[in-house]
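If you want my numbering, it's the position in the sequence shown, counting the first as 1, plus 6. All C-beta atoms, glycine included, are put in the ideal place defined by N, C-alpha and C. Everything numeric in this text was worked out from a predicted model, so none of it was measured.
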Amino acid sequence: MKYSTEEFMICALARELHDGETIAVGNSSPVPAAAALLAKETHAPRAQTYIMGYEREWPFEGTKEFFDYIQRGLVDVFFLSGAQIDCWGNINLHVIGDYARPKVRLPGGAGSSMVYYRCKRIFLFKTDHHAKGFPERLDFVSSSASPDFRQEGAGRLEAVYTPLAVLRPAPLTRRLQLSAIAPGTTAEEVQGKTGFDLGIEGDVPRIEAPSPQQLDVLRSKVKAALQEIYPAFVKGGIGNG
């Protein structure tokens, strides 16, 4: 079956989510929102999902209640992104260039630094993959996964998902390594579009393609729900493979 890049990422992320987990999705995150809904409709029916912007899945009054809930360590899974992600999984949501005189000023980190520290499992995602977005060193650290910058907390980085690959922290160093590649790409292509060494050794497994069941549920039940939150995304990214 044909599928879009967005559908590929949604289905791959959904497989990472477990039955019974509490899964929260923040603002401007259509891919993780769809992944959470897809997981709940398929293999994780007892998952609790909280999706910002979706009233049926959002019991909090304002963001303060939501952040209080996270600070109590009650969220199992959260998703973050960044204009830049470095080799440790640190993310930059503040500036490109010098902080005092930036080339680009970004929206800021909101509560991402606390979320990164308190949610049990963090998944990073980017809907593109190029070297500028994956530098060896960030222009600014908004939220940190690096052992050099943080104490042990409840949270840990699980993986980074892009249209081309999955990166995971190495067990000993916690530095990101290439874990799997998308169908139709190569490890060399992914390395060429990444600004730090991915520690490639031997054959790299491929990310599983979306199953017919996943695509069927995604294009029906999940699409209908997502239409309420991200109508433009649904129009361009789901059912257009």
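- Here DSSP, grouped into helix, strand and coil, assigns Pro-38 to helix.
- Residue state for Ser-217 is assigned as coil, using DSSP reduced to three classes.
- Within the same chain, Phe-72 come within 6 angstroms of Phe-66 by CB-CB distance, once the 5 residues on both sides are set aside.
- About 15 angstroms separates the CB atoms of Asn-98 and Ala-106; that is not less than 8 angstroms, and the two are not in contact.
- In summary, Gly-115 is buried, with 16 or more beta-carbon neighbours lying within 10 Å of its beta-carbon over all protein chains present.
- If you draw a 10 Å sphere on the C-beta of Thr-179, you find fewer than 16 other C-beta atoms in it, and that means exposed.
- Taking Ser-35 as reference, the option from Thr-48, Ile-16, Gly-95, Glu-195 with the minimal CA-CA separation is Ile-16.
- Taking all protein chains shown into account, Ser-226 has fewer than 16 neighbouring C-beta atoms within 10 Å of its C-beta and is therefore exposed.
- Under the DSSP assignment, Ile-57 falls in the beta strand (DSSP E) whose first and last residues are 54 to 57.
- For Pro-175, the uninterrupted beta strand (DSSP E) run begins and ends at 171 to 175, by DSSP.
- Under a 10 Å Cβ-count criterion, Gln-219 is classified as exposed, with fewer than 16 other Cβ atoms of the shown protein chains found around its own Cβ.
- In the DSSP assignment, Glu-164 falls within the beta strand (DSSP E) that extends over 162 to 167.
- Here the C-alpha atom of Gly-243 lies approximately 20 angstroms from the C-alpha atom of Val-166.
- With a beta-carbon spacing of about 7 angstroms, Ala-171 and His-135 fall inside the 8 angstroms limit used to define contacts.
- Taking the Cα of Leu-144 as reference, the smallest distance to any Cα among Arg-21, Ala-176, Pro-175, Gly-201 is reached at Gly-201.
- As DSSP reads the structure, Arg-180 sits in no beta bridge.
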